[in-house]
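Heads up: the sequence shown begins at 1 in UniProt numbering, then just goes up one per residue.
For glycine and all other residues, C-beta sits at the position ideal for the given N, C-alpha and C.
Here is the structure we will look at, set down as structure tokens.
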Amino acid sequence: MDETIKRVIPNHFSLPRRINRLGQLAYNLWWTWNPEAQMLYRLISQRLWDQVNHNPVTFLKRVERSQLNAVTNDRHYLELYDRTFQKFDAYLQDTQTWFARHYPQFAGETIAYFSFEFGLHECLPVYAGGLGILAGDHLKEASDLGMPVVGVGFIYNQGYFVQRITEDGWQETSTYYLDYDEVPIIPLTDAQGQPVLISVELPGRLVHARLWQVQVGRVALYLLDTNLEQNQENDRQLTARLYSSDPEVRISQEILLGIGGVRALRRLGLQPKVWHMNEGHSAFLVLERARELVQSGLTFEQAAAQVRKGNVFTTHTPVPAGVDQFPLWLVDKYLSTLWPQLGLTREQLIALGHQTTPWGESFCMPVLALRLSDHANAVSELHGEVSRRMWNFLWPDRRADEVPITHVTNGVHTPSWLARRLRLLYERYLGPDWLEHLDEPELWDRIASIPDHELWAVRQHLKRKLALYVNERARQLWMRGNVHPSQVLASGVFLEPYSLTIGFARRFATYKRATLILRDYERLLRIITNPDMPVQIVFAGKAHPADEPGKLLIQQVYRAVKDPRAAGRLVFLEDYDMNLARLLVQGVDVWLNNPRRPNEASGTSGMKAALNGVLNFSVLDGWWREAYNGANGWAIGEDADPVDPTHQDELDALSLYDTLEKEIIPLYYQNRSTDNIPSGWIARIKESIRTLAPQFSTRRMLKEYLTEMYLPCLEAAEEEIPADTAVTLDQAN
Ligand SMILES: *Cc1c(COP(=O)(O)O)cnc(C)c1O
């Protein structure tokens, strides 16, 4: 680590001395998974806290001095403040973390984790969906375990779009411009106080990027930013948005992430022995690492043999059409200065990522990553099978089941997604140190000891909270003006907490089949408007702005939502983000997921729901295929791959309606005890939490990555690099 680099936390605030550490806490996302730390802001002004979408930087800039003064005179507040900062300090100074206790020999190592997006919290909107949230959860868990991970990604200043739905259901988007002074990012500066810069070559020019740091507990995330005066205008926009559909922008971004990301870590004085690529977007890093070694005298073959030992690649894409790839002319245009530096010809370089597709020859990022990584994995058991078949062509002399792609099923970061009230309940019945043991299945046997009425009371509380929140959002929508009253109704004013509530919230990609439940619309209307056993369905999600079929699905849902015959029991909530996700996975009864199998590599929102006592009702795809045991939720359709998509939609829709009518609705409403508690339902909730919470946590996931991928990399690096090469390595940097 280069000690001359400074990380000075911006001080935008003038705070009373007694509580001035609130400014420092704002810049460590540790507060996002510690409810007491959030309370320190919330208690000053609940209204402002919600208004700024839980952004502590904006909050502290805007809060009234009198409100700050008020809490400095509040004994209970100050007690909470002192207790929380004790915990915070103890966390940061802990030398006995899980990793330190188990792997002291690797204490000084670095594990680099590259991702195109990181979803850490709604106040730092540099994510699009599940891939980013997984990356964010990965860093938080690494922090909790004390694993020496650093993240590398982009700060997108227009990364996020605000979604509005017009009266006839069309998605409109407006750009959200991120103000760097309003988000918890820390500038990196050199000894002269200048921004720390790295650069990469793009055709005919150098592009510079500065580095920002996001502190995630004990873990640092470094974000690249090309919005600098010394760059050309279009290069300044390179890190503006996620997933550009312009292939030239896209390849430039991936060069910046892969090659620039390696240079950033070198600039910081880091020498990782593990290089984890979350999807193929960062796969150019394998070439940059090989280039370093070739420049220090190795042949490309020697360099490749060495770098692959430290490379870990995680694939998330189960369909060939979805794979990240570039036409060859772009590779010629953008990488022609690179192949001589690697000691390769054009043909040799292209061969590293070459794939023949129905639409021509391409350079395929996952192929590059797979060819140059000793470790590769899919993100669920079923996705592992699919991936081995899909990439079998890279190992033509092997059978599909011998293809070296394993699986590490995704998980979620428990304290980030668990409702505070449930956390208190778990503390009481699982034990005060339950978070230390959360991946141990035996711990969760104690779920049985929670009295039904206590669990139900918390579930009811969370449902009321959701209904109140949705109502308040509807009021805000109405006040915004220019909306038809029917849009206000569509946004959930009739939602109430005592009816069975189903949630469906995710990106509106077509394979996720948001409209499957509308397929037999008359049958659906009969189900939801049954006066004795009504059902509410809450939809939320964005379509990629260039995805017309996705936007048509939103429109179809919205038209049903606005139909008076649906009686306000169908709801669409605009602008799905992590905040809304949290409220929904905590506040509904049933989490619906019906992708067209096997397109859902894993899925994680259902894991968040399960943790909170919400029951999954899902197609046997991704994680649910290995999670469902017949008693911890419900399955839609069979454990089989679709024959023909339309036929499959028909079968899945029938299965969905049947299970809803015959099992789910009766279990919720019937056989209630005298105090109106559905004990059969609660038994299922307990079975769901007991079986799913330990297994589908990032705790279990990170430990698997460590033992199956990271440790072999660390050990290989120790064993195999001869001393003289190690010297060369240092000199090369
Ligand atoms: C968890 C999460 C996702 C991923 O959801 P899936 O249903 O698993 O695709 C996407 N977006 C947000 C905001 C999330 O919190």
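Exercise. Run through DSSP, which three-state label would F313 get?
Worked result: Translated into positions along the sequence shown, residue 313 becomes position 313. Three-state DSSP puts F313 in a strand.
For this session: Please confirm whether any heavy atom of ligand 1 lies closer than 7 Å to the CB of R577.
Result: Against the sequence shown, residue 577 aligns to sequence position 577. Looking at the sequence shown, residue 577 is not Arg but Asp. Checking the Cβ of D577 against ligand 1 gives yes.
For this session: Go ahead and pull the three-state DSSP assignment for residue 752.
Result: Summary: the structure shown does not reach residue 752, with the chain confined to residues 1 through 733, and so no result is reported for it.
Exercise. Cβ of A609 within 7 Å of any heavy atom in ligand 1?
Worked result: Residue numbering aside, residue 609 sits at position 609 when the sequence shown is read from its first letter. Not under cutoff, so the answer is no.
For this session: Give the DSSP-derived three-state secondary structure of T189 in the structure shown.
Result: For the purposes of this step, residue 189 is taken as the residue at position 189 of the sequence shown. T189: strand per DSSP, three-state reduction.
Exercise. DSSP three-state call for H102: helix, strand or coil?
Worked result: Numbered from its first residue, the sequence shown carries residue 102 at position 102. Helix, per DSSP.
For this session: Between the Cα of T226 and those of N676, A209, V214, spot the shortest distance and give me the residue it belongs to.
Result: For the purposes of this step, residue 226 is identified with residue 226 of the sequence shown, where counting begins at 1. Of N676, A209, V214, the residue nearest in Cα terms is A209.
For this session: Report the residue ranges of all beta strand (DSSP E) runs contained in full by the segment 314 to 338; include only those spanning at least 3 residues, in chain order.
Result: 325 to 327
Exercise. So is the beta-carbon of T646 under 7 Å away from any non-hydrogen atom of ligand 1?
Worked result: In the sequence shown, residue 646 corresponds to position 646, counting from 1. No - ligand 1 has no heavy atom lying nearer than 7 Å to the Cβ of T646.
Problem set entry | Residue burial classification, W591 (beta-carbon count within 10 angstroms, cutoff 16) | Looking up residue 591 in the sequence shown gives position 591. Classification of W591: buried, given that the 10 Å Cβ count is 16 or more.
Problem set entry | Cβ contact (3+ pairs, closer than 8 Å) linking the segment 602 to 617 and the segment 390 to 410 | yes
For this session: For N410, name the three-state secondary structure that DSSP assigns.
Result: One-based indexing of the sequence shown puts residue 410 at position 410. Three-state DSSP puts N410 in coil, outside helix and strand.
Exercise. What three-state label does DSSP hand R7 in the structure shown?
Worked result: Sequence index remark: in the sequence shown, residue 7 carries index 7 (1-based). DSSP places R7 in strand when its eight states are reduced to three.
For this session: Identify, in the order they occur along the chain, each residue of the same chain with its Cβ nearer than 7 Å to the Cβ of I682, setting aside the five sequence neighbours on each side.
Result: The count along the sequence shown starts at 1 and reaches residue 682 at position 682. Closer than 7 Å at the Cβ level, and outside the excluded window around I682, lie D452, L455, W456.
Exercise. Do you know how far the Cα of T315 is from the Cα of L224?
Worked result: The residue given as residue 224 occupies position 224 in the sequence shown. The residue given as residue 315 occupies position 315 in the sequence shown. Their backbone Cα atoms lie some 23 Å apart in a straight line.
Problem set entry | Given R565 as reference, the closest of R523, M578, R371 once Cα atoms are compared | As a first step, residue 565 is located in the sequence shown; it is residue number 565 there, counting from the start. Out of R523, M578, R371, R523 has the C-alpha closest to the C-alpha of R565.
Problem set entry | Distance CB(T515)-CB(Q460) smaller than 8 Å | On the sequence shown, position 515 is the one that residue 515 refers to. On the sequence shown, position 460 is the one that residue 460 refers to. The answer is no: Cβ separation not under 8 Å.
Exercise. Does at least one heavy atom of ligand 1 sit under 7 Å from the Cβ of T604?
Worked result: Numbered from 1 along the sequence shown, position 604 holds the residue referred to as residue 604. Correct: T604 has its Cβ closer than 7 Å to ligand 1.
Exercise. Any chance the CB of R597 is under 7 Å from a heavy atom of ligand 1?
Worked result: Against the sequence shown, residue 597 aligns to sequence position 597. Because no heavy atom of ligand 1 lies under 7 Å away, the Cβ of R597 does not count as near it: no.
Problem set entry | ligand 1 heavy atom lying under 7 Å from the CB of N278 | Mapped onto the sequence shown, residue 278 falls at position 278. No, ligand 1 has no heavy atom inside 7 Å of this Cβ.
Exercise. With 16 other CB atoms within 10 Å as the buried threshold, where does P203 fall?
Worked result: Walking along the sequence shown from the start, residue 203 turns up at place 203. P203 is exposed by the Cβ-count criterion.
For this session: May I ask you to list the residues that DSSP assigns as paired with G503?
Result: As a first step, residue 503 must be located in the sequence shown, where it is residue number 503. In the DSSP output, where bridge partners are listed per residue, G503 has V538, W591.
Exercise. Using the beta-carbon count (16 or more within 10 Å), is W359 buried or exposed?
Worked result: Counting from 1 along the sequence shown, the entry for residue 359 is found at position 359. By the neighbour-count rule (16 or more Cβ atoms within 10 Å), W359 is not buried but exposed.
Exercise. If you count every other CB in all the chains shown that lies within 10 Å of the CB of A376, and 16 or more means buried, which is it?
Worked result: Here residue 376 corresponds to residue number 376 of the sequence shown, with the count starting at 1. Label assigned to A376: buried.
Exercise. Does the separation of the CB atoms of W275 and L287 fall below 8 Å?
Worked result: Counted from its first residue, the sequence shown places residue 275 at position 275. Counted from its first residue, the sequence shown places residue 287 at position 287. Cβ distance not < 8 Å, so W275 and L287 don't count as in contact.
For this session: Would you check whether ligand 1 has a heavy atom nearer than 7 Å to the C-beta of G136?
Result: In the sequence shown, the residue the question calls residue 136 occupies position 136. Every heavy atom of ligand 1 is 7 Å or more from the Cβ of G136, so no.
Problem set entry | Alpha-carbon to alpha-carbon, D649 and V585 | For the purposes of this step, residue 585 is taken as the residue at position 585 of the sequence shown. For the purposes of this step, residue 649 is taken as the residue at position 649 of the sequence shown. Spanning the two alpha carbons is a distance of roughly 25 Å.
Exercise. For W387, which of helix, strand or coil comes out of DSSP?
Worked result: By one-based count along the sequence shown, residue 387 stands at place 387. This sequence places Ser at residue 387; Trp is not what is there. Correct three-state label for S387: helix.
For this session: Flag this pair as yes or no: are the beta carbons of V614 and D589 separated by less than 8 Å?
Result: Reading the sequence shown from its first residue, position 614 is the one you call residue 614. Reading the sequence shown from its first residue, position 589 is the one you call residue 589. In contact: V614 and D589 (Cβ atoms closer than 8 Å).
Exercise. Closest by CA to I517, which one among V619, E442, A419?
Worked result: What you label residue 517 is simply residue 517 of the sequence shown in a count that begins at 1. Checking every option, the nearest Cα to that of I517 belongs to V619.
Exercise. Which full runs of the beta strand (DSSP E) of 3+ residues lie inside the segment 101 to 162, going along the chain?
Worked result: 111 to 115, 149 to 154
Exercise. Looking at the structure shown, is L656 part of a helix, part of a strand, or coil, going by DSSP?
Worked result: Within the sequence shown, numbered from 1, the residue matching residue 656 stands at position 656. In the structure shown, L656 sits in a helix (DSSP, three-state: H, G or I).
For this session: Output yes or no for whether 8 Å exceeds the beta carbon distance between residue 750 and M578.
Result: The chain is shown only over 1 to 733; residue 750 falls outside these bounds and no answer can be derived.
Exercise. Measuring from the CB of A601, is there a heavy atom of ligand 3 at a distance below 7 Å?
Worked result: For the structure depicted, ligand 3 is absent and the ligand set comprises only ligand 1.
Problem set entry | Exposed unless 16 or more other CB atoms sit within 10 angstroms - verdict on H102 | What you label residue 102 is simply residue 102 of the sequence shown in a count that begins at 1. Classification of H102: exposed, given that the 10 Å Cβ count is below 16.
For this session: On the DSSP bridge assignment, give the partners of M277 in chain order.
Result: Stepping through the sequence shown from its first residue, residue 277 is reached at position 277. According to DSSP, M277 bridges with F114, F313.
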